[in-house]
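Contents: one structure, followed by commentary.
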Amino acid sequence: MKTTKSFLSNYHNKVLVFILSLCILLSINVVPTYAYATLGYSIPNKKASFIWGDRVQGTGMIRSAWENAIKDWATASSANFYNSSSSVNSLNSFYESSTTLYGKTNYTYFGSKITSFTAMVNAGNFNMTTNVSRSTANHELGHVLGLDDIYSGTAIMNSNRNRSSLYLPQTDDKNGVKAIYGS
């Protein structure tokens, strides 16, 4: 009898381990397949006016970065950022000596809607190049569209991305905007 009892006990243990393993494997597939994160607030209808800030009035690398980022998001998601002298929003630059601070966006919001924003690229970052400034401008406009920072994956919203080679909105960023606006 001991061998039968031992065999049954061992058999039951194997079945239990198999069932638990199966449950774990099935639960792994429940993880969402997106990496984007949202802020919980965004501009209405993917559309916002802006004025050029005092530091980007003329031509230059950062002004060009903003102009390209506006086009990049229009292509990626049909976002409409347009210049209007009466706007409360602005695109600008600031200067802070740094190798880690690339840009920032300040905004006010009411409920889930951004009511005003100032998006800026750091002209004082020692790593700033044409691609890096464009990457930063696209990242900051991503915040205005309602996307939050992520820390892995191929996305303009990844704060750890290679800014020299990743300077356009990616599939994950586009999916995040679709999740916020519906199309």
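Heads up, the final residue of the sequence shown is numbered 184 in my numbering, and it's a clean run with no missing numbers. Cβ atoms here follow ideal geometry from the backbone N, Cα and C, with glycine treated the same way.
message: Report the CB separation of L40 from H144 in whole angstroms; it is logged as a contact under 8 Å.
response: The residue labelled residue 40 in the question sits at position 39 within the sequence shown. The residue labelled residue 144 in the question sits at position 143 within the sequence shown. Confirmed, Cβ separation roughly 7 Å.
- prompt: Between the segment 105-123 and the segment 75-87, do three or more beta carbon pairs fall short of 8 Å?
  reply: Segments in contact, no.
- prompt: Around the Cβ of Q171, are there at least 16 other Cβ atoms within 10 angstroms (buried) or fewer (exposed)?
  reply: On the sequence shown, position 170 is the one that residue 171 refers to. In summary, Q171 is buried, with 16 or more beta-carbon neighbours lying within 10 Å of its beta-carbon over all protein chains present.
Bridge-paired residues (DSSP) for A49: Working through the sequence shown from its first residue, we reach residue 49 at position 48. Looking at the DSSP assignment, A49 forms a beta bridge with F82.
message: Using 8 Å as the threshold, is the C-beta distance between L167 and I157 below it?
response: Numbered from its first residue, the sequence shown carries residue 167 at position 166. Numbered from its first residue, the sequence shown carries residue 157 at position 156. Remark: C-beta atoms of L167 and I157 approach each other more closely than 8 Å.
task: Quick one: using the 10 Å Cβ neighbour count with 16 as the cut-off for buried, is N47 buried or exposed?
output: Indexing the sequence shown from 1 puts residue 47 at position 46. Before going further, note that residue 47 is Lys rather than Asn in the sequence given. So K47 counts as buried.
message: Is there a C-beta anywhere in chain C that falls below 8 Å from the one on M158?
response: Among the chains in the structure shown there is no chain C, since it carries only a single protein chain.
query: Where do the N-terminal and C-terminal ends of the alpha helix (DSSP H) with A180 fall, by residue?
result: As a position in the sequence shown, residue 180 is number 179, starting the count at 1. T172 to Y182 is the extent of the alpha helix (DSSP H) around A180.
- prompt: Is DSSP giving N139 helix, strand or coil here?
  reply: Indexing the sequence shown from 1 puts residue 139 at position 138. It is helical.
task: With a 10 Å radius around its C-beta and 16 neighbouring C-beta atoms as the bar for buried, classify I20 as buried or exposed.
output: Working through the sequence shown from its first residue, we reach residue 20 at position 19. Label assigned to I20: exposed.
- prompt: Would A187 pass as a contact of T137 if the rule is Cβ separation under 8 Å?
  reply: The question about residue 187 has no answer, for the chain in this structure spans 2 to 184.
field: Under 8 Å between C-beta atoms of Y42 and I151
entry: Indexing the sequence shown from 1 puts residue 42 at position 41. Indexing the sequence shown from 1 puts residue 151 at position 150. Not closer than 8 Å, so no.
message: On the criterion of 16 or more Cβ atoms from any shown chain inside 10 Å, does Y96 qualify as buried, or is it exposed?
response: Within the sequence shown, residue 96 is the residue found at index 95, counting from 1. Label assigned to Y96: exposed.
- request: Have a look at the DSSP bridge pairing and note the partners of S126.
  value: On the sequence shown, residue 126 is found 125 positions in, with the first residue counted as 1. The residue asked about is misnamed: residue 126 is Asn in this sequence, not Ser. Its beta-bridge partners are S99.
field: With 16 other Cβ atoms within 10 Å as the buried cut-off, status of N159
entry: Walking along the sequence shown from the start, residue 159 turns up at place 158. Flag for N159 reads buried.
- request: Could you please give the first and the last residue of the uninterrupted beta strand (DSSP E) stretch that includes Y110?
  value: Here residue 110 corresponds to residue number 109 of the sequence shown, with the count starting at 1. From DSSP, the beta strand (DSSP E) with Y110 extends over G104 to F111.
query: Going by other Cβ atoms of all chains shown within 10 Å of its Cβ, with 16 needed for buried, is D174 buried or exposed?
result: Residue 174 sits at position 173 when you count from the first residue of the sequence shown. A residue is called buried once 16 or more other Cβ atoms fall within 10 Å of its Cβ, and D174 is buried on that count.
field: Short Cβ contact (8 Å threshold) for G54 with L102
entry: Along the sequence shown, one-based indexing puts residue 54 at 53. Along the sequence shown, one-based indexing puts residue 102 at 101. Not in contact: G54 and L102 (Cβ atoms no closer than 8 Å).
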